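Participant: When we follow the working numbering, the leftmost residue of the sequence shown carries the number 28, and every step to the right adds one.
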Amino acid sequence: MHNSTREQANTTTTKPSIRVHSITQNDLPLCCPLPSASQWNAHPRVFLRLDEEGRATCPYCSMVYVLQQED
């Protein structure tokens, strides 16, 4: 006998939290994950280009990096 009932997929979604990390000129060239990160091997290393506002987002983990201006 064929079972026609389907299991319902979990449709509850949660919005991921945005993680922001401040960087300085010493962190350039910027890569994610940073060598000093506790999970430095969480995903393949990718080099990121800062936009005009000094921000970059990792395509793997969505970490947002913000360049802090030095005085």
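Backbone N, C-alpha and C fix where the C-beta goes; we use that ideal spot for every residue, glycine too. A quick note: this is a predicted structure, and the numbers were derived from the prediction, not measured.
1. Skipping 5 residues on each side, what residues in its chain have a beta carbon closer than 7 Å to that of Gln-66?
2. Thr-84 and Val-91 look like a contact to me (Cβ under 8 Å); what is the Cβ gap, rounded to whole Å?
3. Are the CB atoms of Cys-58 and Val-73 nearer to each other than 8 Å?
4. Spatial neighbours of Thr-32 within its chain, please: C-beta separation below 8 Å, excluding the five flanking residues on both sides.
5. Could you pull the DSSP bridge partners for Ala-83 from this structure?
Facilitator: Let me lay it out:
1. Taking the sequence shown and counting its residues from 1, the one referred to as residue 66 is at position 39. Correct list, in chain order: Pro-60.
2. Start at 1 with the first residue of the sequence shown, and residue 84 comes out as number 57. Start at 1 with the first residue of the sequence shown, and residue 91 comes out as number 64. Between Val-91 and Thr-84 the Cβ distance is about 5 Å, and since that is below 8 Å, they are a contact.
3. Translated into positions along the sequence shown, residue 58 becomes position 31. Translated into positions along the sequence shown, residue 73 becomes position 46. Cβ atoms of Cys-58 and Val-73: closer than 8 Å.
4. Here residue 32 refers to the residue found at position 5 of the sequence shown. Model confidence at Thr-32 stands at a pLDDT of 48, short of 50, so the residue's coordinates are unreliable and nothing is read from them.
5. Counting from one through the sequence shown, the residue named residue 83 turns up at place 56. Per the DSSP secondary-structure output, Ala-83 pairs in a beta bridge with Tyr-92.
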